[in-house]
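Please read the structure below before turning to the comments.
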Amino acid sequence: MSSMTLLIILTCLIALLFLVINLIFAPHNPYQEKYSIFECGFHSFLGQNRMQFSVKFFVYAFLYLILDLEIVLIFPIALSAYTNDIYGLTIGIIFIIIVTIGFIFELGKGALQIDSKQYVNNLKKTDFFHTFYVENIA
């Protein structure tokens with residue numbers, strides 16, 4: 054048995070041991086106040102505790118993960134640049150082209166545009182805030 058296999062087995066055993074110790078000795082006394090929603094020192098009011106946000110933030114996160122994985126997958130090609138032949142270079146370039154086409158497709162669909170709610174110019178003219186701001190303040 055190699056030292057790496059022994060390390061992996063030992064790590065798994067220690068993790069399982071800690072989980073079992075936690076389940077046995079940790080106090081477990083649930084009550085209603087413990088499971089109630091509590092944010093920033095105040096109890097939440099119905100309908101005011103969570104604000105919905107756009108799915109476009111998840112699109113940015115997924116795009117970051119995809120580009121991060123691209124770097125991880127290109128790293129071995131960069132390390133073995135002297136031993137790679139034209140075949141390795143071709144495979145690397147094809148991979149970069151495929152990811153770039155996907156990124157251009159996302160840009161073309163407008164998936165990376167998030168409408169700003171901070172500026173009055175970006176608001177619709179039928180919006181109450183815009184109407185109030187233009188008629189009363191400006």
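Numbered by our numbering, the letters in the sequence shown go through residues 54 to 191 in order.
Ideal Cβ placement from N, Cα and C applies to all residues, glycine included.
Fair warning: this is a prediction, and the values are worked out from it, not measured in the lab.
In angstroms with no decimal places, state the Cα-to-Cα distance between residue i and residue j.
i, j, result
"P129", "I139", "15 angstroms"
"E4", "Y84", "One cannot answer for residue 4 here, as it falls past the ends of the chain, which runs 54 to 191."
"I150", "T143", "10 angstroms"
"L69", "L120", "34 angstroms"
"L66", "M54", "16 angstroms"
"I147", "A134", "16 angstroms"
"V125", "L132", "11 angstroms"
"M57", "T64", "11 angstroms"
"N137", "L160", "33 angstroms"
"I62", "N75", "20 angstroms"
"V173", "F71", "Because the pLDDT of V173 is 47, which lies under 50, any placement of that residue in the model is unreliable, and the question is left without a value."
Below 8 angstroms CB to CB, which residues in the same chain sit around residue i once its five sequence neighbours on both sides are set aside?
i, result
"F115", "none"
"A164", "K109 and V112"
"V152", "I119, L120 and E123"
"L60", "none"
By Cβ distance, which residues of its chain are closer than 6 angstroms to residue i, with the 5 residues on each side in sequence left out?
i, result
"V73", "none"
"F78", "none"
Leaving out five residues on either side along the sequence, give the residues of the same chain with a beta carbon under 7 angstroms from the beta carbon of residue i.
i, result
"K178", "Legend: pLDDT at K178 = 48, less than 50; position of this residue unreliable, no value from coordinates given."
"K162", "none"
Measure how close the beta-carbons of residue i and residue j come, nearest whole angstrom, since I'm counting them as under 8 angstroms.
i, j, result
"I157", "G145", "Going by Cβ atoms, the distance from I157 to G145 rounds to 19 angstroms, so no, they are not a contact pair."
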